[in-house]
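Numbering-wise, this note's numbering puts 218 at position 117 of the sequence shown, and it's gapless, one number per residue.
The beta-carbon is built from N, C-alpha and C at its ideal position, and this holds for glycine as well.
The structure presented is a predicted model; accordingly, all values stated were derived computationally and were not measured.
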Amino acid sequence: MSDTVIFVVSGLSAFFDLKLRRIPNWLIATGLISGVILNAFHGSSYLLQSLLGFVVGVAVLILPFALGWIGAGDVKFFGVVGALLGVSWLPRVFFYSALIAGLIAVGYLATGLAHISRFKEFWLNIKITILSMGSVLPDPVHVKTRDGGGSVPWGVAFAAGMIIAYYFDSTGKWAGF
102 MSDTVIFVVS GLSAFFDLKL RRIPNWLIAT GLISGVILNA FHGSSYLLQS LLGFVVGVAV
162 LILPFALGWI GAGDVKFFGV VGALLGVSWL PRVFFYSALI AGLIAVGYLA TGLAHISRFK
222 EFWLNIKITI LSMGSVLPDP VHVKTRDGGG SVPWGVAFAA GMIIAYYFDS TGKWAGF
(Lines of atoms letter the chains of each structure in order from A; the text may use other names.)
(Lines give C-alpha, C1' and ligand atoms only; values in the text may rest on other atoms or scores of the structure.)
Protein backbone atom coordinates (compact mmCIF):
# COMPACT_ATOMS: atom_id res chain seq x y z
CA MET A 102 0.00 0.00 0.00
CA SER A 103 1.30 3.43 -0.82
CA ASP A 104 2.28 5.31 2.31
CA THR A 105 1.85 8.59 0.46
CA VAL A 106 -1.83 7.92 -0.22
CA ILE A 107 -2.48 6.94 3.40
CA PHE A 108 -0.77 10.06 4.76
CA VAL A 109 -2.33 12.47 2.25
CA VAL A 110 -5.88 11.14 2.58
CA SER A 111 -5.75 10.89 6.38
CA GLY A 112 -4.00 14.25 6.77
CA LEU A 113 -6.43 16.10 4.52
CA SER A 114 -9.43 14.41 6.12
CA ALA A 115 -8.27 15.44 9.59
CA PHE A 116 -7.54 18.98 8.37
CA PHE A 117 -10.95 19.46 6.74
CA ASP A 118 -12.77 17.88 9.68
CA LEU A 119 -11.06 20.26 12.10
CA LYS A 120 -11.26 23.36 9.90
CA LEU A 121 -14.64 22.98 8.16
CA ARG A 122 -16.28 20.22 10.27
CA ARG A 123 -16.86 18.24 7.07
CA ILE A 124 -14.86 15.95 4.80
CA PRO A 125 -15.30 16.82 1.11
CA ASN A 126 -16.68 14.21 -1.27
CA TRP A 127 -13.80 14.76 -3.72
CA LEU A 128 -11.40 13.59 -1.01
CA ILE A 129 -13.58 10.58 -0.21
CA ALA A 130 -13.74 9.65 -3.91
CA THR A 131 -9.99 10.11 -4.34
CA GLY A 132 -9.24 7.92 -1.31
CA LEU A 133 -11.70 5.23 -2.39
CA ILE A 134 -10.46 5.05 -5.97
CA SER A 135 -6.82 5.08 -4.84
CA GLY A 136 -7.41 2.33 -2.29
CA VAL A 137 -9.23 0.09 -4.74
CA ILE A 138 -6.69 0.59 -7.55
CA LEU A 139 -3.64 0.14 -5.33
CA ASN A 140 -5.09 -3.03 -3.80
CA ALA A 141 -6.11 -4.36 -7.23
CA PHE A 142 -2.46 -4.28 -8.30
CA HIS A 143 -1.70 -6.80 -5.54
CA GLY A 144 -4.25 -9.31 -6.81
CA SER A 145 -7.91 -10.21 -6.65
CA SER A 146 -7.89 -11.14 -2.95
CA TYR A 147 -6.58 -7.67 -2.04
CA LEU A 148 -9.17 -6.10 -4.33
CA LEU A 149 -11.92 -8.06 -2.58
CA GLN A 150 -10.55 -7.02 0.86
CA SER A 151 -10.56 -3.40 -0.28
CA LEU A 152 -14.13 -3.46 -1.59
CA LEU A 153 -15.34 -5.35 1.49
CA GLY A 154 -13.47 -2.85 3.66
CA PHE A 155 -15.39 0.03 2.12
CA VAL A 156 -18.77 -1.68 2.43
CA VAL A 157 -18.21 -2.88 6.01
CA GLY A 158 -16.69 0.45 7.06
CA VAL A 159 -19.79 2.31 5.91
CA ALA A 160 -22.24 -0.34 7.16
CA VAL A 161 -20.81 -0.32 10.69
CA LEU A 162 -21.50 3.40 11.09
CA ILE A 163 -24.91 3.62 9.38
CA LEU A 164 -26.85 3.33 12.66
CA PRO A 165 -24.83 6.00 14.52
CA PHE A 166 -25.26 8.25 11.45
CA ALA A 167 -29.02 7.60 11.34
CA LEU A 168 -29.26 8.52 15.02
CA GLY A 169 -27.38 11.78 14.40
CA TRP A 170 -24.34 10.78 16.44
CA ILE A 171 -21.79 10.99 13.61
CA GLY A 172 -21.55 12.90 10.35
CA ALA A 173 -21.87 11.51 6.83
CA GLY A 174 -18.30 12.47 5.94
CA ASP A 175 -17.01 10.53 8.93
CA VAL A 176 -18.97 7.46 7.84
CA LYS A 177 -17.65 7.69 4.28
CA PHE A 178 -14.11 8.30 5.51
CA PHE A 179 -14.20 5.15 7.65
CA GLY A 180 -15.26 3.31 4.49
CA VAL A 181 -12.24 4.81 2.72
CA VAL A 182 -10.03 3.56 5.56
CA GLY A 183 -11.43 0.08 4.86
CA ALA A 184 -10.78 0.51 1.14
CA LEU A 185 -7.20 1.60 1.73
CA LEU A 186 -6.21 -1.00 4.31
CA GLY A 187 -8.72 -3.82 3.79
CA VAL A 188 -11.57 -5.13 5.90
CA SER A 189 -9.35 -7.01 8.34
CA TRP A 190 -7.82 -3.73 9.60
CA LEU A 191 -11.12 -2.08 10.54
CA PRO A 192 -11.51 -3.47 14.09
CA ARG A 193 -8.03 -2.36 15.10
CA VAL A 194 -8.41 1.05 13.43
CA PHE A 195 -11.76 1.52 15.17
CA PHE A 196 -10.24 0.54 18.52
CA TYR A 197 -7.52 3.18 18.27
CA SER A 198 -9.96 5.72 16.81
CA ALA A 199 -12.27 5.26 19.79
CA LEU A 200 -9.34 5.87 22.15
CA ILE A 201 -8.42 9.05 20.28
CA ALA A 202 -12.07 10.21 20.25
CA GLY A 203 -12.22 9.61 24.00
CA LEU A 204 -9.11 11.73 24.51
CA ILE A 205 -10.64 14.48 22.39
CA ALA A 206 -13.85 14.33 24.43
CA VAL A 207 -11.89 14.52 27.69
CA GLY A 208 -10.02 17.48 26.25
CA TYR A 209 -13.32 19.18 25.43
CA LEU A 210 -14.53 18.59 28.98
CA ALA A 211 -11.27 19.88 30.47
CA THR A 212 -11.29 23.05 28.38
CA GLY A 213 -14.99 23.74 28.81
CA LEU A 214 -15.93 23.18 25.15
CA ALA A 215 -18.42 20.46 26.10
CA HIS A 216 -21.53 21.20 28.07
CA ILE A 217 -23.30 18.90 30.54
CA SER A 218 -26.59 19.75 28.84
CA ARG A 219 -25.35 17.89 25.74
CA PHE A 220 -25.10 14.67 27.75
CA LYS A 221 -28.66 15.12 29.02
CA GLU A 222 -29.84 15.85 25.49
CA PHE A 223 -28.02 12.75 24.20
CA TRP A 224 -29.72 10.52 26.79
CA LEU A 225 -33.12 12.08 26.04
CA ASN A 226 -32.60 11.47 22.30
CA ILE A 227 -31.81 7.81 22.94
CA LYS A 228 -34.97 7.35 25.03
CA ILE A 229 -37.19 9.12 22.49
CA THR A 230 -35.73 7.11 19.60
CA ILE A 231 -36.28 3.80 21.42
CA LEU A 232 -39.77 4.63 22.69
CA SER A 233 -40.90 5.85 19.26
CA MET A 234 -39.33 2.73 17.68
CA GLY A 235 -37.24 4.90 15.40
CA SER A 236 -40.01 7.11 14.03
CA VAL A 237 -38.62 10.16 15.87
CA LEU A 238 -34.92 10.69 15.29
CA PRO A 239 -32.68 13.41 16.76
CA ASP A 240 -31.18 16.25 14.74
CA PRO A 241 -28.06 15.22 12.81
CA VAL A 242 -24.61 16.25 14.03
CA HIS A 243 -24.19 19.08 11.50
CA VAL A 244 -27.37 20.75 12.82
CA LYS A 245 -26.35 20.34 16.48
CA THR A 246 -22.88 21.76 15.92
CA ARG A 247 -23.88 24.71 13.75
CA ASP A 248 -23.13 27.04 16.65
CA GLY A 249 -19.63 25.58 17.08
CA GLY A 250 -20.66 22.96 19.62
CA GLY A 251 -18.15 20.48 20.94
CA SER A 252 -18.82 17.29 19.01
CA VAL A 253 -15.92 14.92 18.49
CA PRO A 254 -14.34 15.27 15.02
CA TRP A 255 -14.42 11.58 14.15
CA GLY A 256 -12.53 12.20 10.91
CA VAL A 257 -9.55 13.24 13.03
CA ALA A 258 -9.98 10.18 15.26
CA PHE A 259 -10.24 7.81 12.27
CA ALA A 260 -7.17 9.36 10.63
CA ALA A 261 -5.13 9.04 13.82
CA GLY A 262 -6.48 5.53 14.45
CA MET A 263 -5.48 4.46 10.95
CA ILE A 264 -1.93 5.81 11.36
CA ILE A 265 -1.52 4.21 14.80
CA ALA A 266 -2.92 0.83 13.74
CA TYR A 267 -1.06 0.61 10.42
CA TYR A 268 2.32 2.03 11.36
CA PHE A 269 2.72 1.55 15.11
CA ASP A 270 0.72 -1.64 15.80
CA SER A 271 0.68 -3.49 12.50
CA THR A 272 0.80 -6.88 14.26
CA GLY A 273 -1.97 -6.09 16.74
CA LYS A 274 0.32 -6.59 19.72
CA TRP A 275 -0.83 -3.49 21.61
CA ALA A 276 -4.51 -3.75 20.75
CA GLY A 277 -4.59 -7.47 21.42
CA PHE A 278 -6.10 -8.39 18.06
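Quick check on residue i: does DSSP put it in helix, strand or coil?
i, result
"leucine 185", "helix"
"isoleucine 171", "coil"
"methionine 234", "coil"
"proline 254", "coil"
"lysine 65", "This structure gives no information on residue 65, because the portion of the chain shown stretches from 102 to 278."
"lysine 274", "coil"
"serine 103", "coil"
"isoleucine 129", "helix"
"leucine 153", "helix"
"phenylalanine 142", "coil"
Is the CB-CB distance between residue i and residue j below 9 Å?
i, j, result
"isoleucine 107", "lysine 177", "no"
"alanine 184", "glycine 136", "yes"
"alanine 206", "valine 253", "yes"
"arginine 193", "alanine 260", "no"
"serine 281", "alanine 141", "Look at the range of the chain in this structure, 102 to 278, and you will see that residue 281 is not part of it."
"phenylalanine 166", "leucine 133", "no"
"tryptophan 190", "tyrosine 268", "no"
Out of curiosity, what's the CA-to-CA distance linking residue i and residue j?
i, j, result
"leucine 204", "phenylalanine 116", "18 Å"
"phenylalanine 196", "valine 188", "14 Å"
"leucine 198", "tryptophan 170", "Looking at the sequence shown, residue 198 is not leucine but serine. Straight-line Cα distance between these residues: approximately 15 Å."
"valine 157", "glycine 180", "7 Å"
"methionine 234", "leucine 168", "12 Å"
"valine 110", "valine 182", "9 Å"
"lysine 228", "histidine 143", "47 Å"
"leucine 113", "leucine 186", "17 Å"
"lysine 274", "leucine 200", "16 Å"
"isoleucine 163", "glycine 172", "10 Å"
"aspartate 118", "proline 125", "9 Å"
"leucine 210", "lysine 221", "15 Å"
"tryptophan 224", "serine 146", "43 Å"
Between residue i and the rest of its own chain, which residues show a CB-CB distance below 8 Å, the 5 nearest in sequence each way excluded?
i, result
"alanine 202", "Val253, Trp255 and Ala258"
"aspartate 270", "Arg193, Tyr197 and Ala276"
"valine 237", "Ile229 and Thr230"
Within a Cβ cutoff of 6 Å, which residues of the same chain sit near residue i, ignoring the five residues on either side of it in sequence?
i, result
"arginine 123", "Gly174"
"leucine 232", "none"
Check the C-beta distance from residue i over to residue j and give it rounded, since I have them as a contact under 8 Å.
i, j, result
"leucine 139", "serine 103", "6 Å"
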